[in-house]
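To start, the structure itself, in structure tokens.
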Amino acid sequence: MRAERFGPPFHRPAVRLRPRAGPDRPVPRLISTSTDMMRFVIMSGWLRRRRSLGGGWWEAAPLSPVVLTVLITCLAFSTPREIAVSRLLPAAPALAAAMWPVLPTILLGTFCLLVMISLSFVYTDLGTQYTAAAIVAVTLAAAYASHVRLQREEALFHIRLVADAAQKVLLRPLPRRMDDVEIESLYLAAQQQARIGGDFYEAVATPYGVRLLIGDVRGKGLSAVGAASAVISCFREAAYDEPDLRGVIHRLEISIIRHSAAFPAQDLPERFATALIAEIPHGGGHVRLLNCGHPPPLLAHRGKIRVLDPTAPSPPLHLAALIGDHYCVDTVTFTQGDQLLLYTDGVSETRDRTGEFFPLPDWMRRQGPRPPRDLLDRLHQDLLRFSGGRLNDDIAALAVRCPSPQAPEPEYPV
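If you read the sequence shown in this note's numbering, its first letter stands for residue 81, the second for the next number, and so on.
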């Protein structure tokens with residue numbers, strides 16, 4: 081990877097180190113070159129690693145060891161000997177170990193050691209040897225700590241790469257247009273460091289039209305991810321083979337049953353998934369929906385919002401043996417300019433600080449005619465704003481629009 085520069089450009093500090101004047105207190109030459117050394121220390125750290133930090137004080141955090149060193153040095157040369165501010169110099173390399181690479185940490189410790197030696201020419205009875213020994217010991221420990229931290233960061237970086245690759249396999253990027261249908265997706269993990277979870281979606285162009293799947297596996301962790309992967313893999317095959325949506329959902333039922341067979345028998349009834357399959361045939365005109373215990377989609381049709389509740393309930397995946405295997409397919413008008421929003425319960429069950437649910441139908445009614453990407457981007461922003469930036473559940477959503485011929489259609493890369 082090409083090293084990139086981290087942080088704002090380094091400017092020469094305005095602080096001038098001036099010890100109290102006197103014939104027996106010459107100004108050490110080391111102090112005049114402190115700025116150049118600090119620049120080298122920071123720049124080498126920036127060129128080594130780039131971090132994605134937020135704005136404000138976090139952007140200045142890597143400069144804190146430099147600020148601390150300059151502050152201690154200034155106070156050491158400008159305060160009486162009895163205060164002995166120089167004994168705080170070992171704190172600078174210790175702080176640098178938390179955010180700098182090994183070499184800049186060692187260089188900062190070396191600079192602090194040279195500052196201490198320079199002080200010995202000003203204050204002969206300062207106890208330089210003890211403070212210098214402390215600086216050396218702390219610098220060596222800080223360098224080792226920095227090395228261990230970098231190794232862990234590298235391991236975490238590779239783990240994130242593997243997680244990203246797994247997410248692209250499980251929730252692969254969807255083409256923005258299938259046949260004459262525009263499709264956009266949104267996925268938000270409840271945990272900031274998470275990449276994949278139990279929510280899933282997929283869209284495929286089949287001989288029967290565009291077929292879409294969205295669902296949510298009960299539970300969290302690897303078991304939920306495994307069940308979601310089994311359902312998605314089965315859908316990618318069954319969507320091409322089965323002419324009827326009932327046949328597709330029957331294949332998904334068999335798939336999750338086989339996957340759940342790896343778990344203890346007492347846990348089998350607790351492992352299920354809600355799912356919603358939509359089919360938009362070639363030429364459009366209508367959409368077929370098969371809802372297996374999933375939150376009902378929303379349809380924007382001629383400026384009105386409809387909640388598409390199923391006419392009869394269908395069992396969630398892996399529960400057909402308990403409550404019956406009757407599946408109901410509904411047909412709804414879906415013409416040019418209409419937009420369909422499929423989502424998981426993480427969207428509709430997002431709460432604010434008072435415990436109120438996110439008013440999804442009212443929210444969509446206020447959006448008006450928007451492109452699918454703009455609609456999901458706005459949904460993303462408003463969900464985070466409504467919840468105060470904290471999500472309690474994973475979120476997945478699909479926005480599907482049948483383009484209107486009256487307006488020029490934007491070109492989307494596939």
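Just so it is clear, CB atoms sit at the ideal spot from N, CA and C, and this is done for glycine as well.
Every value quoted in this text rests on a predicted model; they were computed, and no experiment measured them.
Cβ-Cβ separation, residue j to residue i (assumed contact under 8 angstroms), whole Å
i, j, result
"Asp260", "Pro483", "7 angstroms"
"Asp473", "Gly435", "With a Cβ gap of about 15 angstroms, Asp473 and Gly435 do not count as contacting."
"Leu266", "Leu459", "7 angstroms"
"Ala498", "His339", "Residue 498 falls outside the range modelled here, since the chain spans only 81 to 494, and no answer is possible."
"Leu199", "Thr208", "7 angstroms"
"Val195", "Leu169", "6 angstroms"
"Leu251", "Leu471", "The Cβ separation is near 17 angstroms, so there is no contact."
Alpha carbon of residue i to alpha carbon of residue j, nearest angstrom
i, j, result
"Leu325", "Pro181", "57 angstroms"
"Leu463", "Pro361", "32 angstroms"
"Gly189", "Asp244", "38 angstroms"
"Phe498", "Phe201", "With the chain covering only 81 through 494, there is no way to say anything about residue 498."
"Ala141", "Ala353", "45 angstroms"
"Tyr203", "Tyr224", "32 angstroms"
"Gln346", "Asp432", "For Gln346, the predicted structure reports a pLDDT of 49, less than 50, and the residue's modelled location is therefore unreliable. A value from the coordinates is still provided. Taking the straight line joining both Cα atoms gives about 36 angstroms."
"Ile336", "Asn371", "17 angstroms"
"Thr149", "Ala172", "6 angstroms"
"Ile475", "Gly277", "9 angstroms"
"Glu282", "Arg481", "16 angstroms"
"Met444", "Ala401", "36 angstroms"
"Arg213", "Glu234", "Note that residue 213 is Ala in the sequence shown, not Arg. If you take the alpha carbons of Ala213 and Glu234, they lie about 32 angstroms apart."
"Pro323", "Arg368", "12 angstroms"
"Gly469", "Ile215", "43 angstroms"
"Glu162", "Ala217", "24 angstroms"
"Ile334", "Val249", "21 angstroms"
"Ala477", "Leu175", "44 angstroms"
"Pro439", "Ser428", "7 angstroms"
"Ala307", "Ala221", "46 angstroms"
"Ala479", "Arg446", "16 angstroms"
"Ala341", "Glu264", "34 angstroms"
"Gly364", "Asp389", "21 angstroms"
"Ile403", "Leu397", "11 angstroms"
"Pro160", "Pro145", "24 angstroms"
"Asp296", "Leu187", "53 angstroms"
"Thr430", "Val147", "43 angstroms"
"Tyr359", "Tyr288", "Sequence inspection shows Glu at residue 359; the Tyr mentioned does not correspond to that position. Computed Cα separation, rounded: 8 angstroms."
"Arg128", "Gly299", "With a pLDDT of 41 at Arg128, under the threshold of 50, the modelled position of this residue cannot be trusted, and the question is left open."
"Thr211", "Ser166", "8 angstroms"
"Thr115", "Phe191", "With a pLDDT of 43 at Thr115, under the threshold of 50, the modelled position of that residue is not reliable, and no figure is offered here."
"Met118", "Ala164", "Any answer about Met118 is weak, because its pLDDT of 45 lies below 50 and its placement is not dependable; what the coordinates show is given next. Straight-line Cα distance between these residues: approximately 23 angstroms."
"Ala304", "Arg465", "28 angstroms"
"Arg386", "Pro441", "8 angstroms"
"Tyr492", "Pro451", "The predicted model places Tyr492 with a pLDDT of 36, which falls under 50 and marks its position as unreliable, so this point remains unresolved."
"Met123", "Leu183", "Low confidence applies here, because Met123 scores a pLDDT of 43, under 50, leaving its location unreliable; read the following figure in that light. Going by the C-alpha atoms only, they are around 11 angstroms apart."
"Gly328", "Leu143", "Residue identity check: residue 328 is Val in the sequence provided, not Gly. One C-alpha to the other measures close to 58 angstroms."
"Ala178", "Tyr320", "54 angstroms"
"Met258", "Thr286", "10 angstroms"
"Val284", "Arg351", "26 angstroms"
"Gln247", "Phe437", "28 angstroms"
"Thr219", "Leu241", "33 angstroms"
"Pro255", "Glu262", "9 angstroms"
"Arg316", "Gln461", "31 angstroms"
"Gly135", "Asp410", "Unreliable positioning characterises Gly135 in this predicted model, as indicated by a pLDDT of 47, which lies under 50. A coordinate reading is not provided."
"Leu399", "Ile357", "17 angstroms"
Beta-ladder partner(s) of residue i, from DSSP
i, result
"Ala476", "Tyr267"
"Leu420", "Leu379 and Val480"
"Phe437", "Arg431"
>> Counting beta carbon pairs with one atom in the segment 365 to 378 and one in the segment 408 to 423, are three or more of them shorter than 8 angstroms?
In response: Taking 8 angstroms as the limit for Cβ pairs, the verdict is that the segment 365 to 378 does touch the segment 408 to 423.
>> Runs of 3 residues minimum, wholly inside the segment 341 to 417: which ones carry the beta strand (DSSP E) assignment?
In response: Counting only runs of 3 or more, we get 353 to 360, 365 to 372, 378 to 381, 384 to 387 and 409 to 414.
>> Ignoring anything shorter than 3 residues, give me the beta strand (DSSP E) runs that lie fully in the segment 253 to 339, in order along the chain.
In response: As far as the segment 253 to 339 is concerned, its whole beta strand (DSSP E) runs of at least 3 residues are 261 to 268, 279 to 286 and 289 to 297.
> Three or more C-beta pairs closer than 8 angstroms, one from the segment 273 to 292 and one from the segment 382 to 397: is that the case here?
Replying inline: Short answer: they don't touch.
>> Would you call the segment 225 to 234 in contact with the segment 442 to 456, where contact means no fewer than 3 C-beta pairs closer than 8 angstroms?
In response: No contact exists between the segment 225 to 234 and the segment 442 to 456.
> Touching or not, the segment 407 to 418 and the segment 382 to 391, by the rule of three or more beta carbon pairs under 8 angstroms?
Replying inline: Cβ pair count under 8 angstroms is three or more, so yes.
> Which runs of the alpha helix (DSSP H) fall wholly inside the segment 140 to 209 and span at least 4 residues, in chain order?
Replying inline: Whole alpha helix (DSSP H) segments, 4+ residues: 144 to 158, 171 to 176 and 182 to 202.
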